[in-house]
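Contents: one structure, followed by commentary.
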Amino acid sequence: MEPTITPVDASFGAAVTDIDLANLDEAGWAFVEAAFIDYAMLVFPGQDLTSEAQTAFGRRFGAIEALVPGMDIPSVPLSNRKADGSVLAPDEHLFQTLRGNEGWHTDSSYMPLASKVALLSAQVVPPEGGETEWADMRAAWDALDTDQQDEIAGLSACHSLYHSQAEAGYVIETGAGYGYHDKGAPLRPLVKTHPVTGRKSLFIGRHAYSIPGMSEDASRKLLSGLLDVACQPPRIHTHRWQPGDIVVWDNRCLLHRARPYDVSQPRVMRATRIAGDPATELATTGPDKRASGFVPSAANS
Ligand SMILES: O=C(O)CCC(=O)C(=O)O
Ligand SMILES: [Fe+2]
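Under the numbering used here, the first residue of the sequence shown carries the number 89, and numbering increases by one thereafter.
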């Protein structure tokens, strides 16, 4: 069986059918690997993978990033329901994480080592909303004029989950655990060169703030202006999930976000995150501030 590839209506992305990801032979993997580099995002409808099969497929792309540090849970449920079936309350950490995912981001850019690839599958989907969207930051870079490209070429930004969750309305205590830096914030160039394709892309999103050498206000204006322009058609694609679908995307050159839905309806997804390569996804350490304008002092550190 030869897989069939159908590009989606955007500057990136394709759907792949006639393929069985649970029983992928080497020829099948070679096909997926090449298509992934060409399209940056692949949708595989109706695969219905078990958690183990999703993890095994994920490992083809690289080492799994442990989302629950110290625990061997390679693929994690992203569910708005607790184990007893009740709905998460707004003051719960996971509820806030899920709402935070509704802002454009690239995964783990707030970690010293950012993620390079992510996989997401749908188990239970709400009747309306709850789609996932991606945006092509290569095409966004290409769409800037030379003056704009020159203006940002040498700049870097801090990335922090304290910052992005505060912007989403959730103030997180210091020492909150996974993803919350305890020394300097990771500092990353605004322009990233893809290690495989060599293409440049904008490396921005909700975790990015505070550009060294610029005021907080100017940083905010620049970053939000870039994000607004970047995440526009034809550079975005929205996937309306069916249970059993799995999507894999390239965090090195795409942003993504979840779309809102009625949170009284169940939405159960399963996520696998692939660690970046130290040669290309490791950040340098930036200033010791948790959010825009926040500088720890003896009193509040
Ligand atoms: O739930 C979604 O649609 C997006 C989740 C997400 O941001 C992720 O899996 O990294
Ligand atoms: Fe994400």
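Positions of the beta carbon are idealized from the N, C-alpha and C atoms, including for glycine.
If you check the beta carbons only, do residue i and residue j fall under 8 Å apart?
i	j	result
residue 333	residue 210	yes
residue 151	residue 359	no
residue 293	residue 143	no
residue 208	residue 357	yes
residue 204	residue 340	yes
residue 247	residue 312	no
residue 226	residue 245	no
residue 201	residue 369	yes
residue 145	residue 109	yes
residue 237	residue 184	no
residue 266	residue 260	no
residue 290	residue 273	no
residue 102	residue 123	yes
residue 348	residue 212	no
residue 91	residue 113	no
residue 258	residue 379	no
residue 299	residue 243	yes
residue 214	residue 350	yes
residue 328	residue 206	no
residue 139	residue 167	no
residue 278	residue 240	yes
residue 365	residue 283	yes
Note the first and the last residue of the continuous beta strand (DSSP E) segment covering residue i.
i	result
residue 288	288–290
residue 93	92–95
residue 103	102–105
How far does the alpha helix (DSSP H) with residue i in it extend, from its first residue to its last?
i	result
residue 252	249–255
residue 262	Here residue 262 belongs to no alpha helix (DSSP H), and DSSP marks it neither H nor E.
residue 334	Unbroken run through residue 334 is the beta strand (DSSP E), 334–338; no alpha helix (DSSP H).
residue 236	234–240
When every heavy atom of ligand 4 is checked, does at least one fall within less than 7 Å of the C-beta of residue i?
i	result
residue 154	The model on display carries ligand 1 and ligand 2 but not ligand 4.
Fully enclosed by the stretch 113–195, which alpha helix (DSSP H) runs are 4 residues long or longer?
-> 114–127, 139–147, 181–188
Completely contained beta strand (DSSP E) runs for the stretch 203–228, where each covers 3 or more residues | 203–212, 220–224
Quick check: the stretch 89–102 against the stretch 299–313, are there 3 or more CB pairs under 8 Å?
-> no
Cβ contact (3+ pairs, closer than 8 Å) linking the stretch 368–382 and the stretch 231–242 = no
Any chance the stretch 180–189 sits against the stretch 211–219, with 3 or more Cβ pairs inside 8 Å?
-> no
If you scan the stretch 341–382 from start to end, which runs of the beta strand (DSSP E) of 3 or more residues do you find wholly inside it?
-> 342–346, 356–363
Please list the segments of the beta strand (DSSP E) lying wholly inside the stretch 265–328, counting only runs of 3 or more residues, in order along the chain.
-> 274–277, 279–281, 288–290, 324–327
Under a criterion of Cβ closer than 6 Å to any non-hydrogen atom of ligand 2, which residues qualify, in chain order?
-> 189, 193, 195, 344
Decide if the stretch 131–140 is in contact with the stretch 315–334; the criterion is three or more beta carbon pairs, one per stretch, under 8 Å apart.
-> yes
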